[in-house]
Each structure stands twice: as structure tokens, then as C-alpha cells.
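Basically the working numbering = 1-based index in the sequence shown + 341.
Shown next, in C-alpha cells, is the structure this report addresses.
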Amino acid sequence: MPDERGVASETPARSEIPARRPVPGEQPPEELPPREPAKVQAGAGRSATSSGLDTFFFIFAGAASVWLAVLVFEESFSWGWGVIWVVVIFWVLSAYLVLPRLHRILTRIYLPDYFIGRARTSDGLLGDPVNLALTGTEDQLHQILAEAGWTRADDITAASTRRIITSTLTRRSYDEAPVSPLLLFDRQQDFAYQQEVAGNPAKRHHVRFWRCPEGWALPGGGRVDWLAAGTFDKSVGFSLFTLQITHKIDENTDIERDHIVASLSAADPAVSVDVIRDFSTGYHSRNGGGDTIQTDGDLPVINLRGVVVTNPSVPTPASAARTRPQAIIIGAALIGARVLAGLLFIGVTSLNWRQVADSLEVDLGKSGVTGPAAQDLVLASVLIVYGVALLVELTIAWFVFIGHNWARVAAMAMATLSIVIQLASSLTDGVAITLRTTLPSLALDILILLALSSAAARTYARTRR
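Set out below in C-alpha cells:
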């Protein structure tokens with residue numbers, strides 16, 4: 342009987358894949374020599390994008406985020422409405438800052454850095470199974486997906502994020518809704534396609550595509566041009582591992598895999614399909630959101646070389662391909678916010694000059710400057726030095742935004758130093774870190790460090806040129 346997706350809900354022990362239809366003049370898939378272990382590697386992403394200093398900032402930011410969550414937990418009870426603040430603020434910090442960073446640190450240790458037939462989440466967790474392979478050009482792939490009734494998903498931007506939240510809450514259709522990034526070959530999908538079910542944004546077929554690196558081969562030696570991961574979103578809920586709001590997928594990923602193969606095969610008779618039986622061991626597991634998944638381990642290889650392209654895609658400019666990640670934008674914006682707070686402090690101090698100056702206890706008798714004049718000189722000197730420091734910090738924020746790695750490292754170093762100073766003050770001098778004292782400043786420093794130590798920010802800054 343068909344389920345809500347329009348495909349059979351009962352599947353045999355091994356899913357039915359459309360039989361191969363040979364295409365006249367077609368060349369068989371290229372085979373490689375049996376032993377080329379280097380070709381099986383997912384990529385040298387970690388060694389190319391990490392260093393000892395980056396690793397220190399990455400781990401320190403994770404530890405600092407845990408400290409921030411504890412401080413907010415303690416402080417929330419003094420705000421009144423304590424239980425509500427604990428539930429909301431502590432959940433936001435844990436789900437979107439602490440747990441993702443802790444997962445990222447731990448998965449660097451225990452997950453292998455080579456292809457194992459699974460994509461990864463941006464937090465480093467194992468994501469959806471890679472259950473499709475394709476041969477053909479990008480234009481052929483876009484052509485057949487359009488003919489089969491698939492819609493290309495939007496990229497994740499502020500506008501698309503706002504639209505998907507609105508469409509989910511109002512249950513309005515959003516055919517081009519973005520999908521979350523998953524990583525393969527140490528980079529997120531090149532693009533994704535989807536099909537909504539009955540105009541319900543919470544339910545959709547979707548599939549992500551990654552172009553295979555030049556010279557890369559499947560385990561066993563076969564060459565393909567694309568790998569893909571197709572799953573079916575059945576609802577919206579909370580991630581079991583990070584507590585974030587996310588789509589929940591149907592556990593039988595083979596049904597979705599076969600649906601994709603069937604839709605492409607039906608769209609054009611030039612499409613042919615081979616199946617690598619037992620490409621991976623059949624298994625039951627969980628994806629990065631904690632959803633149960635199961636698969637028989639087969640890998641359909643879809644041949645698109647016979648597809649005639651009638652609507653070629655427009656090549657993406659090189660500048661557009663190097664899109665500035667949100668982590669860089671957020672990091673630069675947070676530094677700018679800290680500069681703005683400093684300018685506000687200078688402004689408030691200037692408006693209350695006499696009161697602030699009179700509170701200073703200075704003695705410049707040896708220089709001949711005494712009384713109010715000495716107080717004014719000291720206060721003016723402090724504000725000038727602080728203003729110069731803010732100007733330097735604003736300059737660093739600009740260079741962070743345009744992608745200079747030295748500026749990113751400098752910003753992280755300043756944030757780390759500020760965090761250490763506040764920690765030392767709280768431990769040695771007993772200075773309480775509360776909402777009325779330095780908690781906002783500490784939170785800003787930690788957020789800057791989390792943003793700029795992320796993999797996306799690091800990769801962008803180190804490869805910008």
C-alpha cells in the first residue's frame with residue numbers, strides 16, 4: 342500500500358531498483374587499478390585547514406561556551422521568572438553553542454577522516470547515508486531533475502531562513518526551502534533538490550549532491566562524477582543530539598533512494614541504472630539529528646550520459662562560488678558591536694566628565710599638575726588610549742570581514758585574552774560575573790571566539806586568496 346509519499350510502504354528484503362537499459366554507443370564505467378588507497382580518502386581537509394593555534398582556539402571556545410552556559414544558568418534565577426529563563430536561555434546556549442562545539446571537538450578524535458559512505462553534519466556527527474552515485478555533467482543532472490519534477494533548494498540565507506520558519510508555522514508551501522548543510526569530501530553539498538508533499542513544508546523528498554574530487558574513486562575502483570544522499574522529511578522536531586529544531590526523517594532511507602531512482606528513470610529513457618550490491622554493510626543506525634535510519638547497503642549508479650541537455654545552466658562566477666560564510670559575517674559584526682559599546686562608554690563618560698574625573702584618585706605632584714587638572718589629564722589620556730584601541734579593533738573587524746586570516750587570528754587572540762582576564766578576576770579578586778557587571782562583555786567575547794574558530798570561518802580565511 343502506498344504511504345503518504347506515494348511510494349510503497351512495504352519493501353522486500355532488498356529494494357527493487359529499475360533494471361538497467363543500455364544506451365546505444367554508451368561507454369562502460371571507467372575502472373581503476375585495484376589498489377589505490379589514496380583515492381579512497383575523503384580529502385586532506387583537516388590538515389589543510391587546521392593548525393595548532395586554530396585547534397587551541399577551537400577547543401578553548403568550546404570550554405568557554407560551557408562556562409557561559411553555567412553562568413547564565415546561575416544568573417537566570419536572580420532575574421525573576423527563573424524557570425522560564427532557564428528553559429529558554431539555557432536551551433538556546435546549549436543547543437546552538439555548547440553541544441555543537443562539543444560534538445565537533447569529540448568527533449575530530451573518534452571519527453575517521455576518510456569516506457565511509459556517510460555524510461556529516463556541520464557539528465561533525467555522522468549524517469545521512471550516501472545512497473546514490475551518478476555519472477554525467479552538471480547540466481545533465483540539472484536537466485533530468487527538472488524533467489522529473491524536482492525543485493532546486495535555495496541556499497541558506499537570512500531571507501530563506503525567515504521564509505522557512507514562516508512557512509512551517511503557517512503550514513504554507515515553500516517549494517524551494519533550503520536544506521541543512523551536510524559535509525562530504527570536507528565540504529557541504531554543491532546543491533540540493535526536493536519535492537514537497539501536499540504543500541506541507543514539514544514533509545518533503547530531498548536529495549543533496551556532491552561533485553566527486555578529480556581522480557577520486559569509489560572503494561573498489563569505480564569512478565563516478567557525483568555522490569548523493571536522499572532522505573524523506575516526515576515532520577519537524579528536536580534533534581536528539583543537539584536539541585536544535587530540525588526536520589525529522591523517515592527511517593527507511595532505501596524507500597527514498599528508490600523513489601529518486603524511479604523518478605529519474607521515468608523522466609528520460611536515456612537514463613540507465615546499475616546497482617553495486619552490498620556497497621556497504623546493511624545497517625540500522627542514527628543520523629546527525631538522532632533519527633533512526635536503516636539501509637540494505639546497495640548503491641544505485643545512475644548513468645546520465647545519454648541525457649540531451651536542452652536548457653544548459655549558467656556557470657557560477659568564481660567570486661560567487663567563494664561565498665562569505667555567516668560565521669565570518671557574525672564574527673565581524675560582533676567585533677563591531679563591541680566597538681560600538683566602547684564608543685558608547687566614551688560618550689557617556691564625556692557627558693559626565695566632571696563626575697567621573699572627581700572620582701579618580703591621582704597624584705601628579707612631581708609634574709606640577711595637581712587637583713582637578715591632574716584628574717582631567719588622566720581621564721583624557723585613558724579615553725584617548727581606549728579610543729585608539731577601538732579604532733584598531735574596528736580595523737581588525739573590517740579585515741576579518743573581507744577574509745584576512747591574520748585578522749581572524751588577532752581577533753580570536755584578543756577575545757581569548759579578555760576571557761582569561763575576566764576568569765582570573767573572578768577567581769583571584771572574587772569579582773562576580775553577573776548581568777549587571779561583565780557577563781554581557783564576556784558573552785560577546787565568547788561568541789566572537791565561537792564564530793571565528795569555526796571550520797567555515799577558518800577555511801574561508803585561509804583559502805580566500
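All C-beta atoms, glycine included, are put in the ideal place defined by N, C-alpha and C.
State the start and end residues of the unbroken alpha helix (DSSP H) segment that holds residue i.
i, result
"serine 766", "746-769"
"proline 781", "780-793"
"tryptophan 557", "Note, tryptophan 557: premise wrong, no alpha helix (DSSP H); not H, not E."
"threonine 804", "796-804"
Just mark residue i as buried or exposed, buried being the case when its beta carbon has 16 or more other beta carbons within 10 Å.
i, result
"glycine 688", "exposed"
"tyrosine 801", "buried"
"isoleucine 506", "exposed"
"alanine 661", "Because the pLDDT of alanine 661 is 43, which lies under 50, any placement of that residue in the model is unreliable, and the number read from its coordinates should be weighed accordingly. It is exposed - the Cβ of alanine 661 has fewer than 16 other Cβ atoms within 10 Å."
"glutamate 702", "exposed"
"phenylalanine 418", "exposed"
"tryptophan 296", "This structure cannot speak to residue 296, because the chain is shown only from 342 to 806."
"asparagine 593", "buried"
"arginine 442", "buried"
"histidine 546", "buried"
"leucine 624", "Looking at the sequence itself, residue 624 is tyrosine, so the reference to leucine does not match. With fewer than 16 Cβ atoms within 10 Å of its Cβ, tyrosine 624 is classed as exposed."
"alanine 754", "exposed"
"tyrosine 534", "buried"
"alanine 499", "exposed"
"threonine 651", "exposed"
"aspartate 619", "exposed"
"isoleucine 601", "buried"
"phenylalanine 728", "First, the amino acid is wrong: residue 728 is glycine here, not phenylalanine. Exposed is the call here."
"isoleucine 762", "exposed"
"threonine 736", "exposed"
"alanine 607", "exposed"
"arginine 695", "exposed"
"leucine 783", "buried"
Looking at the secondary structure, which residues open and close the beta strand (DSSP E) in which residue i lies?
i, result
"glutamate 537", "532-538"
"phenylalanine 573", "567-579"
"threonine 587", "586-590"
"valine 642", "640-644"
"leucine 523", "523-525"
Would you please state the rounded distance, in angstroms, between the beta carbons of residue i and residue j? I believe it to be under 8 Å.
i, j, result
"glycine 571", "arginine 598", "5 Å"
"alanine 788", "leucine 675", "Residue 788 is actually leucine in this sequence, not alanine. Going by Cβ atoms, the distance from leucine 788 to leucine 675 rounds to 5 Å, so yes, they are a contact pair."
"threonine 587", "serine 521", "7 Å"
"alanine 668", "serine 795", "4 Å"
"alanine 460", "glycine 468", "4 Å"
"glycine 629", "threonine 462", "3 Å"
"serine 501", "glutamate 537", "The pair is not a contact, with the Cβ atoms about 15 Å apart (cut-off 8 Å)."
Please find out if some non-hydrogen atom of the ligand FMN comes closer than 6 Å to the beta-carbon of residue i.
i, result
"proline 453", "What this structure holds is no ligand at all, so the ligand FMN is not there to describe."
ask   = Quick one: complete beta strand (DSSP E) runs, 3+ long, within the stretch 608-636?
value = 613-617, 624-627 and 633-636
message = Report the start-end ranges of each alpha helix (DSSP H) in the stretch 460-492 that is 4 residues or longer and not cut off at the edges.
response = 479-488
message = Check whether the stretch 397-404 and the stretch 441-454 are in contact - that is, three or more C-beta pairs closer than 8 Å.
response = yes
ask   = Would you call the stretch 639-649 and the stretch 606-619 touching, i.e. three or more CB-CB distances under 8 Å?
value = yes
task = Entirely within the stretch 671-738 and at least 4 residues each: give me those alpha helix (DSSP H) ranges in chain order.
result = 694-699
query = So does the stretch 711-721 actually touch the stretch 771-786, counting three or more Cβ pairs closer than 8 Å?
reply = no
ask   = Mind pulling the alpha helix (DSSP H) runs of 4 or more residues that sit fully within the stretch 410-456?
value = 423-426 and 440-451
request  = Flag this pair as touching only if the stretch 733-744 and the stretch 670-685 have three or more C-beta atom pairs under 8 Å; answer yes or no.
outcome  = yes
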